[in-house]
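Inspection log for the structure reproduced underneath, given as structure tokens.
Residue numbers (our numbering): 2 to 375.
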């Protein structure tokens with residue numbers, strides 16, 4: 002079998018307790034390369050069956066075939082630039098080039114008449130060198146990809162560019178991509194960010210108990226750039242300080258679930274500091290008085306999922322809401338309309354992955370992966 006594809010034969014196993022015969026696991030006999038197939042590795046394995054059941058809808062006059070070969074040698078070319086941020090299952094992003102097999106990320110799945118986020122795993126990861134194109138959306142989101150790469154639009158899957166070999170549906174001006182739009186950059190994590198974070202968790206009406214929050218606080222207090230107590234709000238806080246402060250507030254008193262992102266705090270000074278930080282970072286919000294004796298007030302972020310993700314990526318709390326996007330519906334939006342598709346006039350290193358859902362979220366939009374037909 003070729004190393005780029007995992008083939009499921011579970012329904013045709015002779016044994017039910019044997020180990021998987023994938024590269025690196027029991028069952029692998031040897032791996033070989035051949036000049037005729039550049040950049041490919043062939044793996045000889047102990048097969049449980051060489052019988053393939055022919056689908057019932059097939060016009061073939063037989064029900065079974067014998068096929069000792071598994072895998073893919075299509076040399077797929079649909080790839081993206083290595084720095085493209087991919088949405089991972091912990092709510093953060095990671096550059097496409099840095100993903101590895103087994104990483105858990107977000108893909109999508111059609112459920113009824115809606116497409117929704119689901120978590121999936123990276124099954125294969127590789128790189129190539131191809132002519133590159135730049136795709137620009139109306140909201141400023143940009144992606145660099147090969148001409149054979151596909152994105153999901155309001156009219157279905159569309160390729161970046163025409164093919165000289167055959168006709169195919171390509172992106173056109175006005176097509177709207179499905180997703181939330183470009184992801185925000187993470188904070189730099191400098192000393193002012195760390196000071197803001199520690200003050201944010203210190204002002205909560207609950208004590209932090211999440212191990213991720215405690216580990217981060219301990220690192221900031223005892224690490225190479227340790228911070229001395231007490232910590233006070235600067236007279237003129239920097240943007241990084243505001244990001245750290247909001248991350249700390251969210252980690253102690255925040256919630257991201259059921260379509261809402263909100264924090265709850267007591268005290269006029271606390272509420273004022275949170276409001277100032279949100280305004281500094283251009284977030285819209287609503288202040289809700291819960292009518293409680295404790296005086297707790299709740300700040301709810303406006304703007305829906307695009308703004309919720311922008312908040313999480315901009316301030317980078319330790320608690321990013323693992324799996325909280327699962328089941329959330331995606332839609333196309335006018336601000337994700339195609340503005341331009343232009344060839345860069347050069348070849349560059351590009352990357353792609355195979356996932357369990359056949360797609361993934363690349364810089365906020367749904368991207369097709371190799372070796373899967375949706």
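Ideal Cβ placement from N, Cα and C applies to all residues, glycine included. Please read all numbers here as calculations on a predicted model, not as lab measurements.
By the Cβ rule, the segment 160-179 does not count as touching the segment 211-224, because fewer than three pairs are nearer than 8 Å. Rounded to whole angstroms, the gap between the alpha carbons of residue 143 and residue 193 is 30 Å. In the DSSP assignment, residue 344 falls within the beta strand (DSSP E) that extends over 333-356.
Nearest neighbour of residue 202 by Cα position, chosen from 164, 152, 274, turns out to be 274. Close CB contacts of residue 124 within its chain, under the 7 Å cut and outside five residues either way in sequence, are with 7, 102, 355, 356, 357 (chain order). By the C-beta criterion, the segment 336-345 is judged not to be in contact with the segment 109-118, since fewer than 3 inter-stretch pairs fall below 8 Å.
Taking all protein chains in view, the Cβ of residue 205 is crowded by 16 or more other Cβ atoms within 10 Å, so the residue is classified as buried. Fewer than three beta-carbon pairs drawn from the segment 124-138 and the segment 304-321 are found closer than 8 Å, and the two stretches are therefore not classed as touching.
The DSSP-derived three-state label of residue 273 is helix. With a beta-carbon spacing of about 10 Å, residue 363 and residue 145 fall beyond the 8 Å limit used to define contacts. Uninterrupted beta strand (DSSP E) stretches at least 3 residues long and entirely within the segment 281-318 occur at 286-290, 298-302, given in chain order. When beta bridges are read from the DSSP output, residue 126 appears opposite 354.
Look at residue 264 here: in three-state DSSP terms it is strand. Under the three-pair Cβ rule at 8 Å, the segment 315-331 counts as touching the segment 243-255. Excluding residues up to 5 positions away in sequence, 298 lie with their Cβ nearer than 7 Å to the Cβ of residue 290 in the same chain. Membership of residue 157 in the beta strand (DSSP E) is indicated by the continuous run 157-160. Boundaries for residue 325: no alpha helix (DSSP H) harbours it, and the DSSP string shows neither H nor E there.
Taking each of 333, 137, 365 in turn and checking the Cα distance to residue 309, the smallest one comes out for 365. Where residue 243 is concerned, the enclosing alpha helix (DSSP H) starts and stops at 240-254. Judged by DSSP in its simplified three-state form, residue 151 adopts strand.
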